[in-house]
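Student:
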Amino acid sequence: MSPYEKFTPKKAIALKYNGQQEASPKVVATGKGIVASNIVQKAETNGVPIKKDATLAELLSQLHINENIPEDLYQVVAEVFAFIYHADKAFNKKS
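Here the sequence shown stands for residues 1 to 95, numbered as in our numbering.
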């Protein structure tokens with residue numbers, strides 16, 4: 001059972017970043033309630049690491065789909081990407 005299986009997020013935001021094509025990460029999905037749950041479920045199904053952070057979700061939920069994150073959020077989003085990097089590295093060691 002996933003640690004998020006019993007977790008029903010109030011909000012969920014999915015980010016995408018390709019350093020070769022984009023200056024900063026951008027929002028690719030955002031939602032509340034059941035839509036947020038669907039975003040989390042799709043991430044889990046596809047092996048995408050999930051970072052639970054209600055404050056960051058609140059900030060990012062103010063952005064629109066395909067909108068790049070503003071500079072004032074770079075540091076906190078960089079921490080999320082560092083979390084993902086380490087989660088991927090740990091997962092690959094197990095595989």
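Just so you know, even glycine gets a beta-carbon here, dropped at the ideal spot from N, CA and C.
A quick note: this is a predicted structure, and the numbers were derived from the prediction, not measured.
Under 8 angstroms, with one C-beta from each stretch per pair, do the region 20-31 and the region 62-74 reach the 3-pair mark?
Tutor: Touching, yes.
Student: So, at 6 angstroms on beta carbons, what are the nonlocal neighbours of LEU60 in its own chain, with the 5 sequence-adjacent residues on each side left out?
Tutor: Cβ within range, chain order: ILE13.
Student: Cα separation between ASN54 and LYS11?
Tutor: Position check: residue 54 holds Ala in this sequence, whereas Asn was assumed. Between ALA54 and LYS11, the C-alpha separation is close to 8 angstroms.
Student: Please classify ASN68: does DSSP put it in a helix, a strand, or coil?
Tutor: Strand at ASN68.
Student: Just the Cα atoms here: how many angstroms apart are PHE43 and PRO49?
Tutor: Here the sequence assigns Ala to residue 43, which means Phe is not the residue at that position. Cα to Cα, the separation comes out at about 7 angstroms.
Student: Where does ILE13 sit, in a helix, a strand or coil, going by DSSP?
Tutor: The answer is strand: DSSP assigns ILE13 an E or B state.
Student: Quick one: residues in its chain with C-beta nearer than 6 angstroms to the C-beta of ALA36, no 5 flanking neighbours on either side, listed in chain order?
Tutor: Excluding positions up to five away in sequence, the list reads PRO9, LYS11 and ALA12.
Student: On the criterion of 16 or more Cβ atoms from any shown chain inside 10 Å, does THR30 qualify as buried, or is it exposed?
Tutor: Result: buried.
Student: Per DSSP, which one or two residues make a beta bridge with LYS26?
Tutor: LYS16 and ASN68, per the DSSP bridge assignment.
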